[in-house]
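Report on the following structure.
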């Protein structure tokens, strides 16, 4: 039985008791009361409040076990020593009925443990975003450091390559300039060409 | 209460993911602590290197631009020069036909070949300026009697004048290197003559950057060769050269007293009346010639003469 309000479960233990035990005993872990009596036997039941169990108890008590008073006594002694807060298992008691639909208790699959964070107001959300932005800036800061460092290593080789190309081009330009200079003045050449054209026109056959 | 607290946002994170995030955050913080004191140095080094690279890249770009510009200029010059040479070749081709037509009586046109001997002189510039003014071209038979010094200006290299004749479109002829037709000179043998011719060829080619004369004028004329004339002409043919004298002597070499501008003009103008194709002899050193030429040119132009430079295929050139 689960008390959802304070997240507690109760467990009941039933055993065959003697008349002296039939007196209700108030224990720290619960109360004892007779649940069934006949001429020779008294069934006593103790109800204990336990903490939320962590795993189900896979065992169950059979009718045969109930009949075994030694086992019951050992059980009682054991359970009486259990601290409320350290209960890590719960008992699943079978009802005292003939028909039993015994189904083995299979432990529920344990999912991944998760933690839940609640952003109860906008302020918390904004602070979280600001923190994430700060870490993003740090990442960018560090990335820029490594990028610059790598680039600084590469740049001298690139500069050398560029300088080599420049020197070669300048040598070629020097030769080209000499060649161009050798032709003389472009306007003069044009003028000379036109002069020859005028001469050609003079000697052309008359029509 | 009346406050609108908004909706709660819930974030669920798996424990292992949480651990991983924590590790990452620690690493980020650790890296930040490591990098912070070193960042400035790396930053400065990077931008210094970058600036050096950018400067080098700018220089490369400038060199590339200059290369493109020079290449284009060179192409333009080559095109222009090719067009000029083509036009010049057309002129000589048509001139050869015109000569034929004139001699056959098929054309009324007249041709005057002005030839100037014994240069280069500093005075040669006066001739160049004059011919440029009248837009005419002549033939200069050059010699190197004074070595690489201009006879009338010793501090000027004779070699420096040669390109000017070519630049103005005139024909350069070979007047032998020494112009020495005295005893034991160029007319002593065909070999001696050709030696002087070849030396002048080399000098002209070197001074002009490749121009090679095709026409020779014998110093003093072919009559000075005497009994060596035949042998010399054979040698000239073997060398692929033509030779030419003149049809009209301007008289500018007849002595300073005699060769006045009036005499020079009269000699040329009177002779021109009977000429259809004439080759006129002048001398570069003659100041009176320079003073006479404007009037001579204008007269001949009025008489219908076309002024042309000599070319090897001309009928006037012996081969």
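Protein chains in written order, with our numbering: chain A, 747 to 953; chain B, 33 to 351.
The beta carbon of each residue, even a glycine, is placed where N, CA and C say it ideally should be.
All values derive from a computational prediction rather than experimental measurement.
Residue 130 of chain B and residue 170 of chain B have their C-alpha atoms roughly 18 angstroms apart. Closer than 7 angstroms to the CB of residue 347 of chain B there is not a single CB belonging to chain A. Residue 274 of chain B counts as buried, since at least 16 other C-beta atoms from the protein chains shown sit within 10 angstroms of its C-beta. When DSSP assignments are scanned along the stretch 73 to 155 of chain B, the uninterrupted stretches of beta strand (DSSP E) that are 3 or more residues long and fall wholly within it turn out to be 142 to 151. When CB distances to chain A are screened at a threshold of 8 angstroms, the residues of the stretch 84 to 101 of chain B falling below it are 84, 85, 88, 89, 91, 92, 95, 96, 98 and 99, in chain order. The three-state secondary structure of residue 343 of chain B, taken from DSSP, is coil. Taking 7 angstroms as the CB threshold, residue 155 of chain B stays off the interface with chain A.
For residue 320 of chain B, the uninterrupted alpha helix (DSSP H) segment begins and ends at 319 to 334.
Contact holds between the stretch 135 to 142 of chain B and the stretch 327 to 336 of chain B, because three or more Cβ pairs, one in each stretch, are under 8 angstroms apart. The beta-carbon separation of residue 254 of chain B and residue 245 of chain B, rounded to 17 angstroms, does not stay under the 8 angstroms limit for a contact. Here residue 902 of chain A is exposed: its Cβ has fewer than 16 other Cβ atoms, across all protein chains shown, within 10 Å. Among the bridge pairs identified by DSSP, residue 864 of chain A is matched with B:42. Interface residue (Cβ-Cβ distance to chain A less than 7 angstroms): residue 336 of chain B is not classified as such.
Positions of the alpha helix (DSSP H) runs, each at least 4 residues long and wholly inside the stretch 190 to 265 of chain B, are given as 194 to 199 and 222 to 240 in order along the chain. At least one beta carbon of chain B lies nearer than 7 angstroms to the beta carbon of residue 939 of chain A. By the 16-neighbour rule on beta-carbons within 10 angstroms, residue 262 of chain B is exposed. DSSP places residue 791 of chain A in the strand class (E or B) of the three-state scheme.
Per DSSP, residue 163 of chain B has no beta bridge partner at all. If you draw a straight line from the Cα of residue 54 of chain B to the Cα of residue 877 of chain A, it is about 14 angstroms long. Beta-bridge partners assigned by DSSP to residue 313 of chain B: B:147 and B:281. Considering only B:331, B:47 and B:340, the residue with the shortest C-alpha distance to residue 309 of chain B is B:340. Close to chain B, meaning a Cβ-Cβ distance shorter than 8 angstroms, are the following residues of the stretch 879 to 894 of chain A: 881, 884, 885, 887, 888, 891 and 894.
Following the DSSP letters along the chain, one finds residue 945 of chain A inside the alpha helix (DSSP H) bounded by residues 932 to 949. Under the 10 Å beta carbon count, residue 127 of chain B is surrounded by 16 or more other beta carbons and is classified as buried. Listed along chain B is no residue with a C-beta nearer than 8 angstroms to that of residue 762 of chain A; the closest approach is about 46 angstroms.
In this structure residue 946 of chain A is in contact with residue 122 of chain B, their Cβ atoms being roughly 6 angstroms apart against a cut-off of 8 angstroms. Taking a C-beta distance under 7 angstroms as the contact criterion, residue 172 of chain B and residue 204 of chain B qualify as a contact pair. Membership of residue 174 of chain B in the beta strand (DSSP E) is indicated by the continuous run 171 to 174. Given a length threshold of 4 residues, the stretch 880 to 904 of chain A has no whole run of the alpha helix (DSSP H) inside it. Residue state for residue 350 of chain B is assigned as strand, using DSSP reduced to three classes. For residue 302 of chain B, the enclosing alpha helix (DSSP H) stretches over residues 293 to 304.
Going by C-alpha positions, residue 71 of chain B is about 23 angstroms away from residue 904 of chain A. Listed along chain A, the residues sitting closer than 7 angstroms to residue 78 of chain B by beta-carbon distance are 894, 897 and 898. For residue 761 of chain A, the pairing in a beta bridge is given by DSSP as A:790.
Within chain A, the residues 939 have their CB atoms less than 7 angstroms from the CB of residue 115 of chain B, given in chain order.
Taking 7 angstroms as the threshold, the shortest C-beta distance from residue 109 of chain B to chain A falls below it.
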